[in-house]
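Only one structure is covered here, and it is reproduced in the block below.
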Amino acid sequence: MAKYLVHQSGPLSGEVVISGAKNAVLPLMAAALLSEDKCVIRDVPQLRDVAFMKEILASLGAEIEDVEENTISIITEDIISTEARFDLVNKMRASILVMGPLLARKGRARMPLPGGCAIGARPIDLHLKGLEALGAEIIFNEAESYVEARAGGQGLIGDTIYLDFPSVGATENIMMAAVLAEGITYIENAAEEPEIVDLANFLNKMGAKIKGAGTDTIKIEGVKHLGGAKHTVIPDRIEAGTFMLAAAITRGNVRITNAVPDHLKPIIAKLRECGVRIEVGDEYLIVRGDLGPQSATDIKTLPYPGFPTDIQSPFMAFLTTVEGTGTVIETVFENRFMHVSQLRKMGASIETAGNKAIVKGGAVLRGTQVMATDLRAGAALVLAGLVAEGITEISEIYHIERGYEKFIEKFRGLGAQIEKTEE
Ligand code: EPZ
Numbered sequence: 004m005a006k007y008l009v010h011q012s013g014p015l016s017g018e019v020v021i022s023g024a025k026n027a028v029l030p031l032m033a034a035a036l037l038s039e040d041k042c043v044i045r046d047v048p049q050l051r052d053v054a055f056m057k058e059i060l061a062s063l064g065a066e067i068e069d070v071e072e073n074t075i076s077i078i079t080e081d082i083i084s085t086e087a088r089f090d091l092v093n094k095m096r097a098s099i100l101v102m103g104p105l106l107a108r109k110g111r112a113r114m115p116l117p118g119g120c121a122i123g124a125r126p127i128d129l130h131l132k133g134l135e136a137l138g139a140e141i142i143f144n145e146a147e148s149y150v151e152a153r154a155g156g157q158g159l160i161g162d163t164i165y166l167d168f169p170s171v172g173a174t175e176n177i178m179m180a181a182v183l184a185e186g187i188t189y190i191e192n193a194a195e196e197p198e199i200v201d202l203a204n205f206l207n208k209m210g211a212k213i214k215g216a217g218t219d220t221i222k223i224e225g226v227k228h229l230g231g232a233k234h235t236v237i238p239d240r241i242e243a244g245t246f247m248l249a250a251a252i253t254r255g256n257v258r259i260t261n262a263v264p265d266h267l268k269p270i271i272a273k274l275r276e277c278g279v280r281i282e283v284g285d286e287y288l289i290v291r292g293d294l295g296p297q298s299a300t301d302i303k304t305l306p307y308p309g310f311p312t313d314i315q316s317p318f319m320a321f322l323t324t325v326e327g328t329g330t331v332i333e334t335v336f337e338n339r340f341m342h343v344s345q346l347r348k349m350g351a352s353i354e355t356a357g358n359k360a361i362v363k364g365g366a367v368l369r370g371t372q373v374m375a376t377d378l379r380a381g382a383a384l385v386l387a388g389l390v391a392e393g394i395t396e397i398s399e400i401y402h403i404e405r406g407y408e409k410f411i412e413k414f415r416g417l418g419a420q421i422e423k424t425e426e
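Per our numbering, the sequence shown starts with residue 4, numbered consecutively.
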């Protein structure tokens, strides 16, 4: 299996350009299923998850073309299947996002029941609750481990749906089902992430009538037909946050461009509390970890606009290297501390109790063999490896490469010494 060898690298410096957001492009691609006309999506990051989504859309009848390096076109003149194949869904949880569009356009969608994954059970009950509220019949087949949604003869009917938790995926799936439903749908306690707003903007360009995306109540007025549209994916706030932490942990001086600072407020605030200096421009940030001592702070992950769970592990890696004790509370996923044992192997002092971790800073990290347990945990181990003595060997790096475009190239561009071994 391929591995990363991360050498102690000294302060990072220079400029890094942020790619299009993984968690925006995946729902945007699924939304293209809603129209038989051509959709063109720009700033598409070259990721394994994007490749998986292309495979899934093609298996359903979409024709996908790489127009140029980071631009794709998707035409779905006819949907030839309303069933997402197990082998494809099993690779990526976000496959569930084709359920809403299939139900809206063809009145039927069958999905293998999603497996749990490294960061928790990640059920789909809120997705199904929303589709059922729109009039779909939900059929579970435990024996064959699939779930099917079927619209009644009159199609989907708008309704008001309250989400027990502001689930990002459920909000996206319900929005994509409701755009072609009869009447008006309200999603209450909706997720407010920037990726939700990006999806709503794309759907409105296609002819949908969506208001309130980015707030906790989204109104969708059903329309009869959606046309094609052109759209540019928003920059990836989690990639930007990862590079902010890389600048901080290495005490570096890094300019991050093609970013949306407004999407990064919690990370900017928390790093400033630790003594990291951050200059904020319109579409860039300059992160100075080299100006003065840094100290610990406390973070608690929450749905947007709270502190993002996807930056929890990179921030924890940073806390292991600053003076003082910081606490990390994870409220979004029930099992997202798998990186703790790996950081401990490197010499970090971290105690956990339930969803709370106490990080005693000032540790001297030492390179050793560690394993990426999820996308962001893998990134956190790279950050730790940049400052650890010696060489950190990271396995299971497929996790990282599914979600960060040109990961090694971008880090090398900032002076990081990382190589990839093919075993
Ligand atoms: C999206 O996942 C992101 N993935 C995740 O990014 C991100 O961590 C997460 O939102 C939270 O911000 C994509 O957008 C592709 P949720 P999603 O539904 O939609 C529970 C990364 O590293 N829940 O908001 O799956 C669930 O178990 C990934 O890029 C239910 O209980 O997240 C979890 O505890 C990781 N029932 C919580 O809600 C449901 O029906 C948040 O899940 C759905 C979710």
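Glycine is no exception: its CB is placed at the ideal position from the N, C-alpha and C atoms.
DSSP three-state label for residue 10, please. For the purposes of this step, residue 10 is taken as residue 7 along the sequence shown, with counting starting at 1. Looking at residue 10 - three-state DSSP - the assignment turns out to be strand.
What does residue 355 pair with, by DSSP beta-bridge criteria? What you label residue 355 is simply residue 352 of the sequence shown in a count that begins at 1. In DSSP, residue 355 forms a bridge with 360.
Inter-residue CB distance, residue 225 and residue 182 (contact presumed, cutoff 8 Å): Along the sequence shown, read from residue 1 onward, the residue named residue 225 stands at position 222. Along the sequence shown, read from residue 1 onward, the residue named residue 182 stands at position 179. With a Cβ gap of about 7 Å, residue 225 and residue 182 count as contacting.
Any non-hydrogen atom of the ligand EPZ within 8 Å of residue 190 CB: Sequence index remark: in the sequence shown, residue 190 carries index 187 (1-based). No, Cβ of residue 190 sits at least 8 Å from all heavy atoms of the ligand EPZ.
Between the region 19-33 and the region 238-255, do at least 3 Cβ pairs fall closer than 8 Å? yes
Among 187, 41, 153, which one has its Cα closest to the Cα of residue 163? Taking the first residue of the sequence shown as position 1, residue 163 is located at position 160. Per the Cα distances, 187.
Mind checking whether residue 234 and residue 44 have CB atoms under 9 Å apart? For the purposes of this step, residue 234 is taken as the residue at position 231 of the sequence shown. For the purposes of this step, residue 44 is taken as the residue at position 41 of the sequence shown. Yes; because the gap between Cβ atoms is below 9 Å, this pair is in contact.
When you compare each of 113, 353, 49, 135 to residue 408 by their alpha carbons, which one comes out closest? Numbered from 1 along the sequence shown, position 405 holds the residue referred to as residue 408. Nearest of 113, 353, 49, 135 to residue 408, Cα basis: 49.
Which ranges does the beta strand (DSSP E) cover as unbroken runs of at least 3 residues, wholly within the region 173-239, from first to last along the chain? 187-191, 212-214, 220-224, 233-235
With DSSP run on the structure shown, which of helix, strand or coil describes residue 48? Along the sequence shown, read from residue 1 onward, the residue named residue 48 stands at position 45. The answer is coil: DSSP assigns residue 48 none of H, G, I, E or B.
Hey, how far is the Cα of residue 165 from the Cα of residue 297? Here residue 165 is taken as the residue at index 162 of the sequence shown, counted from 1. Here residue 297 is taken as the residue at index 294 of the sequence shown, counted from 1. The alpha-carbon of residue 165 is positioned some 42 Å away from that of residue 297.
Tell me whether residue 3 counts as near the ligand EPZ, meaning its Cβ is closer than 8 Å to at least one heavy atom of that ligand. Lying before the first or after the last residue shown, residue 3 is absent from the chain, which here runs from 4 to 426.
Closer than 8 Å: is that where the CB of residue 130 sits relative to any heavy atom of the ligand EPZ? As a first step, residue 130 must be located in the sequence shown, where it is residue number 127. Residue 130 Cβ: within cutoff of the ligand EPZ.
Establish whether the CB of residue 229 and some CB of chain D are separated by less than 9 Å. Absent here is chain D; the protein component of the structure consists of one chain.
According to DSSP, what are the bridge partners of residue 42? As a first step, residue 42 is located in the sequence shown; it is residue number 39 there, counting from the start. Answer by DSSP bridge pairing, in chain order: 77.
Just to confirm, does residue 311 get its C-beta within under 8 Å of one of the non-hydrogen atoms of the ligand EPZ? Reading the sequence shown from its first residue, position 308 is the one you call residue 311. Yes, the Cβ of residue 311 comes within 8 Å of a heavy atom of the ligand EPZ.
What's the call for residue 4, buried or exposed, on a 16-neighbour Cβ count within 10 Å? Here residue 4 refers to the residue found at position 1 when the sequence shown is read from its first residue. Counting Cβ neighbours within 10 Å, residue 4 comes out exposed, since fewer than 16 surround it.
With a threshold of 6 Å on Cβ separation, who are the neighbours of residue 73 within its own chain once the five nearest residues in sequence on each side are excluded? Taking the first residue of the sequence shown as position 1, residue 73 is located at position 70. For residue 73, where only same-chain residues beyond five positions count, the Cβ hits under 6 Å are 46, 47.
Looking at residue 1: is its Cβ nearer than 9 Å to the Cβ of residue 153? Residue 1 is absent from the model: the chain starts at 4 and stops at 426.
Mark residue 388 as exposed unless 16 or more other C-beta atoms lie within 10 angstroms of its C-beta, in which case mark it buried. Working through the sequence shown from its first residue, we reach residue 388 at position 385. So residue 388 ends up on the buried side.
At the level of alpha carbons, what is the spacing between residue 310 and residue 283? Against the sequence shown, residue 310 aligns to sequence position 307. Against the sequence shown, residue 283 aligns to sequence position 280. Distance between the alpha carbons of residue 310 and residue 283: 18 Å.
Is residue 89 helix, strand or coil by DSSP? Working through the sequence shown from its first residue, we reach residue 89 at position 86. It is helical.
Counting Cβ pairs closer than 8 Å, one from the region 289-303 and one from the region 316-335, do we hit at least three? yes
Given 8 Å as the limit, is there contact between the region 57-76 and the region 124-143, that is, 3 or more CB pairs closer than that? no
Note down, one range per segment and in chain order, each alpha helix (DSSP H) of at least 4 residues found wholly within the region 366-397. Listed in chain order, they are 378-390.
First and last residue of the uninterrupted beta strand (DSSP E) at residue 289: Residue mapping note: residue 289 aligns to position 286 of the sequence shown, counting from 1. Here the beta strand (DSSP E) through residue 289 covers 287-291.
Quick check on residue 93: buried or exposed, where buried means 16 or more other Cβ atoms within 10 Å of its Cβ? The residue given as residue 93 occupies position 90 in the sequence shown. Under this definition residue 93 is an exposed residue.
For residue 88 and residue 114, what's the separation of their Cα atoms in angstroms? In the sequence shown, the residue the question calls residue 88 occupies position 85. In the sequence shown, the residue the question calls residue 114 occupies position 111. Their backbone Cα atoms lie some 7 Å apart in a straight line.
Which residue's Cα is closest to the Cα of residue 248: 356, 291, 198, 40? Counted from its first residue, the sequence shown places residue 248 at position 245. The candidate whose alpha carbon is nearest that of residue 248 is 291.
Classification of residue 144 by the beta-carbon crowding that lies within 10 angstroms, buried from 16 upward: Here the question's residue 144 lines up with position 141 in the sequence shown. By the neighbour-count rule (16 or more Cβ atoms within 10 Å), residue 144 is not buried but exposed.
I need the DSSP call for residue 334, collapsed to helix, strand or coil. Here residue 334 is taken as the residue at index 331 of the sequence shown, counted from 1. Residue 334 carries a coil assignment under DSSP once its states are collapsed to helix, strand and coil.
Between the CA atoms of residue 304 and residue 100 - distance to the nearest angstrom: Along the sequence shown, read from residue 1 onward, the residue named residue 100 stands at position 97. Along the sequence shown, read from residue 1 onward, the residue named residue 304 stands at position 301. The alpha-carbon atoms of residue 100 and residue 304 are separated by roughly 24 Å.
For a test of your reading of the model: does the CB of residue 59 fall under 8 Å from any non-hydrogen atom of the ligand EPZ? Yes or no. On the sequence shown, residue 59 is found 56 positions in, with the first residue counted as 1. Not so, every heavy atom of the ligand EPZ lies at least 8 Å from the Cβ.
Please confirm whether any heavy atom of the ligand NAD lies closer than 8 Å to the CB of residue 406. What this structure holds is the ligand EPZ, not the ligand NAD.
Quick check: is any heavy atom of the ligand EPZ less than 8 Å from the C-beta of residue 126? On the sequence shown, residue 126 is found 123 positions in, with the first residue counted as 1. Yes, the beta carbon of residue 126 sits closer than 8 Å to at least one heavy atom of the ligand EPZ.
beta-carbon residue 55 near the ligand EPZ non-hydrogen atom, thresh 8 Å: Working through the sequence shown from its first residue, we reach residue 55 at position 52. Because no heavy atom of the ligand EPZ lies under 8 Å away, the Cβ of residue 55 does not count as near it: no.
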